[in-house]
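Since the structure comes first, as C-alpha cells, the remarks are kept for the end.
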Amino acid sequence: MANVVKLNKSSSGTSMSSSGSGSSVNSGGDGTVTVTLPVLKGTVGPDVADVRSLYKNNGMFTYDPGFMSTAACQSGITYIDGDKGELLYRGYPIEQLAEKTSYLEVCYLLLFGELPGRAELEKFEDTVMDHTMVHEQVATFYHGFRPDAHPMSILCGVTGALASFYHDSLDIHNPRHREVTAYRLIAKMPTLVAMAYKYSVGQPFMYPDNNLSYSGNFLRMMFAVPTKDYEVNPIVERAMDRIFTLHADHEQNASTSTVRLAGSSGANPFACVAAGVATLWGPLHGGANEAVLKMLQEIGDVKNVPAFVEKVKDKLSDTKLMGFGHRVYKNFDPRAQIMRETCHEVLKELNVKDPALEIALELERVALSDPYFIERKLYPNVDFYSGIILRAIGIPTPMFTCLFALARTVGWISHWMEMIGEPDQKIGRPRQLYTGPTRRDVTSLAKRS
Ligand code: ACO
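In terms of numbering that gives the first Met the number 0, the sequence shown opens at residue 0 and continues consecutively.
Structure follows, in C-alpha cells:
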C-alpha cells in the first residue's frame, strides 16, 4: 500500500503524518512520520497548510490533480464561499455590484482594489474609451480566417497578435506599462469580439462610438450597420452590462490560472490573455452557455425533459446537464439568480417567447427536486440562463464564449497585475507523480519485434 498521509492540525501548526512502506522521511519507531507545517491564514476562508518546504526538507511532493485542495497563489481580488453561495469582488457581494454599479466601475474595483469616486470613474471611463479602436492593420488579420471559423479561434489569434502593435509598453516590470496594457485590453476586447461577429456575417466592421457606454458601444458595434441609425435599447444595455459584471472575475478558475501560469514565465500580457481565451473556450468552462443552448435545442420540447433527465442520471450515457454543477459552488451560484431575473426582464422587453426558456425552467424544476442532483449539490450555474438572454438579444450561439472572454479580460489582467507585482513572484512549475516506465535501455530497431 502506498504511504498514507494524515494532516492533523495543532495550535503550533499543522502536523502531517505519513506512515506505510517506503517512507524516507524522519520515521518514528512505529514507521510514522510527522512533518510540521506552518498554517497560513487568509482574511476569510479555509486555513492553508504551507507545503513549500516539504520537498526540500522531506523529499515529498503533494498530489492534487485538478487542484481540489491546493491554493496555487495568494490573492486579494475575489473570494468565493461555495457552500454559502457567496461571491465577493474585493469584499463587495456580487448581488450589490450587479444592482448598484456599472461594469466599468467593477473593472476599476478589480484592478485597483476600491470602487471609484465620481471624478475617478469619469477619468477611468474616458481613458478606457480612448483605447477602443484597434490598429487598421488588425482588420487584415480577420480576412485571413475562414468566414465560418469559430469566433473563439479568431479571438485567440487576434488577442495574442495585439502584442505586435505595442512594443512601447511591453516591459512587464514597469507599472505604467502594465496599467496601459490593462486599459488597452479592456477597451479593445469589445471591438475585437464585434469584429469577429461582423466578419462571420459578412458585414462591414463598425468603428467604436466613444459617446456611448462601454456596453452600449459594444451592442452598436455588434448590431449597427453603416447605412442605418442604431439606437441602443437601455434594458438590453443594462442586461449586457450585468452579464459583463457577473463574468468579470471568479478567482482561480482554469482560464485565470492559465493566465497566471503563462504570465509567471514573463510572457507579455497579450499572449497571457490569449492563453486565457484558449482555456475559456472549453465546454466545461466558458463554452458551457453555448453547450446549454445546444442541449435545450436537442431536448426540443418540454415533454422530452423527463427522458433527458433520466439520460443525464445514467452514467453510461455520458450526458451532463449543462449549466448545472460547479467545482466551487456546492450551494446555489449567486450569479445564476441575478441572471434568472435579468433573463425574464430581457425576454419581456423584447417580447420574446423562447421555447428554450420554457425547457430551461422545466429542467430547473425537475432537476432541483430530483435526489440525484440534490445529493450531489448540483444547482444551476450562471451559464444556465446567460445563453437564453444572449440568444434573445440576437447574439449567435458561437459568440457566447467570446462575450465571456470580453467580460473576463479584466479579471485575467487584474490577476496578472497582482502576480507580477509580487516581490517573490516565481515561474509556476507544478511537480508530478511519475507512473511511467523506470529507466531502461533502447534496443536497435532490428531487434524490436
Ligand atoms: N450533470 C449531471 N451530473 C453531474 C453534473 C452535471 N452537470 N455535474 C456533476 N455531476 C455529477 C458527476 O457525474 C459526479 O457524480 P458521481 O459522484 O456519481 O460520480 C458528481 O456530480 C460530482 O461531479 P464532479 O465532476 O466531481 O464535479 P466537478 O466539481 O469536478 O465538476 C463541473 C464541476 C465541471 C462544472 C461539472 O459540474 C460539469 O461538468 N457541469 C456541466 C458543465 C457546466 O455547466 N460548466 C460551467 C461551469 S461554470 C463556468 O465555467 C462559468
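Every residue, glycine too, gets a C-beta built ideally from N, C-alpha and C.
Just to check, is the beta-carbon of residue i closer than 8 angstroms to a non-hydrogen atom of the ligand ACO?
i	result
G285	yes
V258	no
A290	yes
M321	yes
P282	yes
V311	yes
V276	no
K314	yes
R375	yes
G410	no
N252	yes
G324	yes
G65	yes
H130	no
V365	no
V304	no
H414	no
N330	no
D382	yes
H176	no
I249	Contrary to the premise, residue 249 reads as His rather than Ile in this sequence. H249: yes, Cβ under 8 angstroms from the ligand ACO.
Shortest alpha-carbon distance to residue i belongs to which of the options?
i	options	result
A273	R430, M128, W411, K446	W411
D147	T180, K99, I373, K197	K197
H249	R51, R428, R439, Y78	Y78
S214	G201, K227, A238	A238
P354	K302, D313, Q336	K302
F403	V276, Y182, E124	V276
A406	R390, M321, S101	S101
T33	E121, N56, D240	N56
M151	H134, V133, L191	L191
T408	V258, P379, T341, A391	V258
Y141	D167, P174, V200	V200
P395	A195, K446, Q136, G112	A195
D63	R447, W280, L432, A445	L432
N350	N330, V235, K227, C155	V235
D80	S256, G393, K329	K329
R339	D369, M321, S385	S385
K352	I388, R177, L39	I388
H414	S316, S256, T400	S256
D332	A287, N380, D369, V365	N380
A253	W280, P268, N173	W280
L320	A270, H343, Y371, E357	Y371
I76	G65, D82, T69, Y88	Y88
G132	I185, F144, G143	Note that residue 132 corresponds to Met in the displayed sequence, not to Gly. When each option's Cα is compared against that of M132, the closest is I185.
E119	H130, G41, L103	L103
H176	S448, L295, N267, F399	N267
G299	G265, M59, A359, D208	A359
E421	T35, H172, S68	H172
H284	F323, L356, E309	F323
Per DSSP, residue i is paired with what?
i	result
E85	D80
F323	P379
T318	None, per the DSSP bridge assignment.
L39	V47
Y91	Y88
T100	The partner list for T100 (beta bridge, DSSP) is empty, contrary to what the question assumes.
Length-filtered (4 minimum) alpha helix (DSSP H) runs lying within the stretch 47 to 81: Listed in chain order, the complete alpha helix (DSSP H) runs (minimum 4 residues) inside the stretch 47 to 81 are 53 to 57.
Any alpha helix (DSSP H) of 4 or more consecutive residues that is wholly inside the stretch 396 to 438: With a minimum length of 4 residues, the continuous alpha helix (DSSP H) runs that stay inside the stretch 396 to 438 are 399 to 419.
Which runs of the alpha helix (DSSP H) spanning at least 4 residues fall entirely within the stretch 125 to 186, listed in chain order? 135 to 141, 150 to 160
Would you list, in sequence order, the uninterrupted beta strand (DSSP E) runs of no fewer than 3 residues that lie entirely inside the stretch 228 to 254? none
Within the stretch 343 to 394, note down every full alpha helix (DSSP H) run reaching 4 residues or more, in order along the chain. 354 to 367, 370 to 374, 382 to 392
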